[in-house]
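Keeping their order, the protein sequence lines are chains L, C, D and A. For the first sequence, this note's numbering begins at 1 and goes up steadily by one. For the second sequence, this note's numbering begins at 142 and goes up steadily by one. For the third sequence, this note's numbering begins at 283 and goes up steadily by one. For the fourth sequence, this note's numbering begins at 424 and goes up steadily by one. Everything below concerns the one structure shown next.
There are 4 protein chains.
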Amino acid sequence: MNNLPKNLIWESEVRDYELDSQGVVNNANYFHYFEHARHLFLHAIGVNFMAWQKQGFDFVLVHADITYKAPLYSGDEFFVTTRLDYQGKLKLHFIQELYKKPENILTCKFICTGTCINSERKPELPEELIEKLKMIMEGQK
Amino acid sequence: MNNLPKNLIWESEVRDYELDSQGVVNNANYFHYFEHARHLFLHAIGVNFMAWQKQGFDFVLVHADITYKAPLYSGDEFFVTTRLDYQGKLKLHFIQELYKKPENILTCKFICTGTCINSERKPELPEELIEKLKMIMEGQK
Amino acid sequence: MNNLPKNLIWESEVRDYELDSQGVVNNANYFHYFEHARHLFLHAIGVNFMAWQKQGFDFVLVHADITYKAPLYSGDEFFVTTRLDYQGKLKLHFIQELYKKPENILTCKFICTGTCINSERKPELPEELIEKLKMIMEGQK
Amino acid sequence: MNNLPKNLIWESEVRDYELDSQGVVNNANYFHYFEHARHLFLHAIGVNFMAWQKQGFDFVLVHADITYKAPLYSGDEFFVTTRLDYQGKLKLHFIQELYKKPENILTCKFICTGTCINSERKPELPEELIEKLKMIMEGQK
Chain L
1 MNNLPKNLIW
11 ESEVRDYELD
21 SQGVVNNANY
31 FHYFEHARHL
41 FLHAIGVNFM
51 AWQKQGFDFV
61 LVHADITYKA
71 PLYSGDEFFV
81 TTRLDYQGKL
91 KLHFIQELYK
101 KPENILTCKF
111 ICTGTCINSE
121 RKPELPEELI
131 EKLKMIMEGQ
141 K
Chain C
142 MNNLPKNLIW
152 ESEVRDYELD
162 SQGVVNNANY
172 FHYFEHARHL
182 FLHAIGVNFM
192 AWQKQGFDFV
202 LVHADITYKA
212 PLYSGDEFFV
222 TTRLDYQGKL
232 KLHFIQELYK
242 KPENILTCKF
252 ICTGTCINSE
262 RKPELPEELI
272 EKLKMIMEGQ
282 K
Chain D
283 MNNLPKNLIW
293 ESEVRDYELD
303 SQGVVNNANY
313 FHYFEHARHL
323 FLHAIGVNFM
333 AWQKQGFDFV
343 LVHADITYKA
353 PLYSGDEFFV
363 TTRLDYQGKL
373 KLHFIQELYK
383 KPENILTCKF
393 ICTGTCINSE
403 RKPELPEELI
413 EKLKMIMEGQ
423 K
Chain A
424 MNNLPKNLIW
434 ESEVRDYELD
444 SQGVVNNANY
454 FHYFEHARHL
464 FLHAIGVNFM
474 AWQKQGFDFV
484 LVHADITYKA
494 PLYSGDEFFV
504 TTRLDYQGKL
514 KLHFIQELYK
524 KPENILTCKF
534 ICTGTCINSE
544 RKPELPEELI
554 EKLKMIMEGQ
564 K
């Protein structure tokens with residue numbers, strides 16, 4: 001992963017309000033973690049989420065596949081890796097993994113597909129974004 | 142409370158994802174409950190939150206005072222009462238209470254002050270809203 | 283679905299705090315909706331989540347697949363259907379769908395696999411639960 | 424604040440899922456921020472929240488007073504200060520402030536009172552905790 005931008009890796013720690021009555025991070029909060037990491041990734045490659053929104057482009061998830069391999073407890077520290085796996089003209093694919101520190105145990109795997117919705121509510125990736133994604137894909141090889 | 146609109150009372154139940162590791166509803170979720178009840182109240186008196194937003198008016202809280210008297214557990218049913226206690230030209234005051242069923246135990250009390258921010262980011266209650274609030278205040282007496 | 287317990291269908295409405303800056307329900311909240319509907323389902327068939335927890339059995343999700351077909355906006359009403367699709371000795375499969383009212387548009391589809399973790403942190407479905415699930419499966423045919 | 428433990432100051436950044444449809448951090452999330460900062464504070468002075476829980480002591484909030492002075496937007500960085508203001512035998516008082524970076528604008532002020540509930544559901548601060556709090560209070564002068 002040496003030639004990837006540094007901020008593809010987002011580090012954080014469990015916050016107690018994220019725990020549920022079983023004392024583990026509630027499943028829904030992983031969506032929060034992965035969303036935040038994706039936004040940081042997009043920001044890092046120069047995609048300003050809010051700026052696109054003002055131009056009428058909404059980034060949306062259309063599908064996600066999530067595998068829970070181990071729980072996270074109070075005080076646990078972790079990091080999330082985000083890798084772009086772009087394929088089509090209308091869709092973005094991301095592969096994200098959450099690792100628990102310090103043993104770096106794969107705790108949760110997230111594969112998702114997103115698209116951009118234009119002001120007419122139709123899927124459309126802006127040209128500028130496609131160019132950026134191509135460059136990222138080259139850089140990731 | 143007989144002459145108040147029916148939807149001042151909002152009934153719901155605890156959802157397990159709202160619990161924290163102590164097995165009780167996390168403090169922050171009461172803010173969610175009271176926000177939802179206030180929005181239903183405003184909607185009931187004809188204040189369309191989203192419509193005002195499009196015209197450049199954002200409703201915001203400036204202060205809240207919350208007293209936790211008892212916990213809520215998994216499966217608990219409750220209702221929230223919302224009463225307008227309007228005082229100034231720039232501010233709205235609400236008193237809200239959450240009661241646990243079926244004994245109707247006062248579980249949480251919430252007193253909050255909100256205002257409206259216009260497109261220049263200054264506090265301003267739209268005339269139309271002030272008129273509506275006056276009518277509500279009359280009806281509540 | 284006539285011979286299924288009534289509470290397999292859970293009705294609710296969007297709460298404004300569930301919206302994100304795009305004005306639509308944030309993806310993570312669908313996990314909340316589906317979790318609550320599953321817990322109601324389990325409760326309806328006599329599975330007391332909290333009681334099992336005290337006996338050392340934790341119900342956990344191991345996999346989820348979620349497809350977002352349309353957004354939910356402020357004020358939208360919806361219902362969630364929950365159907366058990368049990369297959370193995372160690373796993374539970376659920377198929378859940380969220381429909382937007384009043385047109386009953388399929389808005390989100392959720393397929394998930396759960397298991398039970400015993401006090402030794404190993405997957406184990408309690409006998410009593412397996413018996414109940416078999417009865418439910420019979421009833422659903 | 425020089426003679427206070429370093430981790431009284433918790434730094435973080437807005438995560439987009441914390442925004443609501445107004446594009447600002449939803450009021451309830453400040454409760455999350457302040458809770459996390461308090462837990463870090465307690466952890467820093469050697470109070471293990473989860474360990475006390477296992478011994479039958481639950482830390483609970485009984486009152487909070489929150490003043491919202493300015494909004495937080497996407498990408499905003501901030502820090503939270505947590506100061507103990509202990510007074511009674513049964514209660515803990517905290518004063519917490521959230522500052523927006525880089526101008527260090529006071530954005531939100533939080534004053535809260537907590538207590539400890541023993542296994543008989545009565546307020547009781549464990550002796551060990553009272554000793555620690557006294558030491559902290561001395562150190563803060």
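Beta carbons: idealized from backbone N, C-alpha and C, even for Gly. What you are looking at is a predicted structure, and each value in this text was computed from that prediction instead of being measured.
Partner residues on chain A for residue i, Cβ-Cβ distance less than 9 Å
i        : result
C/ILE271 : None at all; the shortest Cβ gap to chain A is about 21 Å.
Close-in-space but distant-in-sequence residues of the same chain around residue i (CB under 7 Å, 5 per side omitted)
i        : result
L/LEU221 : Here chain L has residues from 1 to 141 only, and residue 221 of chain L is not among them.
L/LYS6   : Reliability of the predicted coordinates at L/LYS6 is poor, the pLDDT of 49 falling under 50, and no value is obtained from them.
L/PRO123 : LEU90, THR115, CYS116, ILE117
D/SER401 : GLY338
C/GLU272 : none
A/GLN476 : none
A/MET558 : none
D/HIS375 : ASP367, TYR368, GLN369, THR395
Supposed contact pair residue j and residue i - C-beta distance, whole angstroms, cut 8 Å
i        : j        : result
A/SER444 : D/LEU301 : 4 Å
L/VAL60  : L/ILE111 : Going by Cβ atoms, the distance from L/VAL60 to L/ILE111 rounds to 16 Å, so no, they are not a contact pair.
L/ASP65  : D/ASP347 : 5 Å
A/PHE454 : C/ASN168 : 6 Å
C/GLU204 : A/TYR491 : According to the sequence displayed, residue 204 of chain C carries His and not Glu. Going by Cβ atoms, the distance from C/HIS204 to A/TYR491 rounds to 7 Å, so yes, they are a contact pair.
C/LEU270 : C/VAL188 : 6 Å
Chain A contact residues for residue i, given Cβ-Cβ distances below 8 Å
i       : result
L/HIS32 : ARG438, TYR440
L/GLU35 : ARG438, ASP439, TYR440
Chain A within 7 Å of residue i, Cβ atoms only
i        : result
L/GLU11  : no
L/HIS93  : no
D/ASN308 : yes
L/GLU77  : no
Close Cβ partners of residue i (< 6 Å) along its chain, the five nearest in sequence each way excluded
i        : result
C/ILE150 : PHE220, THR222
D/GLU293 : PHE361
L/MET137 : TYR86
C/ILE186 : LYS273, ILE277
Within-7 Å CB hit, residue i to chain D
i        : result
C/SER215 : yes
CB contact below 7 Å: residue i versus chain C
i        : result
L/SER21  : yes
D/GLU402 : no
D/LEU290 : no
Same chain only: Cβ atoms within 8 Å of residue i, ignoring 5 sequence neighbours per side
i        : result
A/GLN519 : PHE457, ALA460, ARG461, VAL503, THR504, THR505, ARG506, LYS532, PHE533, ILE534, CYS535
L/PHE49  : HIS39, LEU42, HIS43, PHE59
C/MET170 : Checking the displayed sequence, the identity of residue 170 of chain C turns out to be Asn instead of Met. Correct list, in chain order: GLU159.
Chain A contact residues for residue i, given Cβ-Cβ distances below 7 Å
i        : result
C/GLU265 : Within chain A, no residue comes near C/GLU265; the closest Cβ sits about 16 Å away, beyond 7 Å.
Residue-level contact to chain E via CB, residue i, 7 Å cutoff
i        : result
L/ASN104 : Looking at the structure shown, chain E is missing, and the protein chains on hand are L, C, D and A.
### Query
What residues in the region 464-476 of chain A bring their beta carbon closer than 8 Å to a beta carbon of chain C?
Cβ proximity to chain C below 8 Å picks out MET473, GLN476 from the region 464-476 of chain A.
### Query
Relative to chain C, which residues along the region 479-491 of chain A have a C-beta separation below 9 Å, given in chain order?
Residues passing the 9 Å Cβ filter: ASP481, PHE482, VAL483, LEU484, VAL485, HIS486, ALA487, ASP488, ILE489, THR490, TYR491.
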